[in-house]
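S.K.: Everything in the sequence shown is counted per the UniProt record's numbering, starting at 1 for the first residue and increasing by one. Note that beta-carbon positions come from the ideal geometry of N, C-alpha and C, so glycine has one too. Below: one structure in structure tokens.
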Amino acid sequence: MPRPEVLERIKAAEEEAEEIVAEASQDRDDRIAEARERADEIRAEAEEEAEEAAERRLDEAESEIEAEATEIREEGQAAREELIAQAESQMDEAVEYAITQFEEAVHAQT
């Protein structure tokens, strides 16, 4: 094979190799860009899901707290009403006791 043909074939092979390397490099860059984009999408989806889960947990906790607060208020109201009823039932005794103590104090002074 003549020397100029060999040089041309070598040059053509080098150009083809450079094209293959450039294409492979571009393909690699494209794949990396796609992978990064997909990773960003996955990260955004995960953050959104985490925020939604946190919001659900917060709503559930608020509901539980409100139910507990309602129960405590109801128990407090019932205890209050019971104390009022007991105080009212002992009112006559307390008045009678106070009058007796007053009368005794008045008689003790005379």
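1. Just the Cα atoms here: how many angstroms apart are E103 and E81?
2. What is the DSSP secondary structure of Q86, reduced to helix, strand or coil?
3. May I ask you to report which of helix, strand or coil DSSP gives T110?
4. Got a sec? Which residues, its chain only, sit under 8 Å from E88 by beta carbon, not counting five neighbours each side?
M.R.: Walking through what the data contain:
1. Their backbone Cα atoms lie some 33 Å apart in a straight line.
2. In the three-state reduction of the DSSP assignment, Q86 falls in the helix class, which pools H, G and I.
3. DSSP places T110 in the coil class of the three-state scheme, outside both helix and strand.
4. The answer is none, since no qualifying residue turns up.
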